[in-house]
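In case it helps, the numbering used here puts the sequence shown at residues 4 to 116. Here a beta-carbon is modelled for each residue, glycine too, at the ideal position from N, C-alpha and C. Just so it is clear, the structure is predicted and the values come from calculations on it, not from any experiment. Take a look at the structure below.
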Amino acid sequence: AFFKQTINNNGFPDKVVMDKSGANYAGLANINLLLILAGFATMIDILQVKYLNNIIEQDHRFIKKITKPMMGFKAFHSAQATIDGIETAHMIRKGQLSEESIPAYKQFMALAG
4 AFFKQTINNN
14 GFPDKVVMDK
24 SGANYAGLAN
34 INLLLILAGF
44 ATMIDILQVK
54 YLNNIIEQDH
64 RFIKKITKPM
74 MGFKAFHSAQ
84 ATIDGIETAH
94 MIRKGQLSEE
104 SIPAYKQFMA
114 LAG
């Protein structure tokens, strides 16, 4: 039911990345079988990553650590701006946006707007 609704709303994906869940794999395998029987030349590529959820959770751990003590946000744009700023600062600290000729604070200000 989930894949049917998702495909109806967004169309057929080229690739689906998921964890090692058997039910999700079986559902996509059935969809691929239906595509073959219907005569479609392309199928949905299925990529399974054993610890996908752990990777995502670990990457966002620093955001949770900073935002957990907060009382919450009244507006979505406030939450989005805060999270964007936290992620940008973290990316600069990790060296993912490093321009050696530009100081870190200028990189942050350029991305922040």
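Nearest in C-alpha terms to Gly25, of all of Gln51, His63 and Glu90, is Gln51.
Beta-bridge pairing by DSSP links Lys18 to Asp48.
The segment 37-53 makes no contact with the segment 69-84: fewer than 3 CB pairs, one atom from each, lie closer than 8 Å. Judged by beta-carbon spacing, Leu36 lies beyond the 7 Å limit of Val19, meaning their Cβ atoms are not closer than that value. For Phe65, the enclosing alpha helix (DSSP H) starts and ends at Arg64 to Thr70. Rounded to the nearest whole angstrom, the CA to CA distance from Gln110 to Ile10 is 39 Å. Residue range Phe79 to Lys97 is occupied by the alpha helix (DSSP H) that includes Gln83. Counting of Cβ neighbours within 10 angstroms places Ala29 among the exposed residues, the total staying below 16. Going by DSSP, Ile10 is part of the alpha helix (DSSP H) stretching over Phe5 to Asn13. Residue state for Phe76 is assigned as coil, using DSSP reduced to three classes. Sixteen is the threshold: when 16 or more other Cβ atoms of the shown chains lie within 10 Å of the Cβ of Ala92, as they do, the residue is buried. Distance between Pro106 and Asp87, taken at the CA atoms: about 19 Å.
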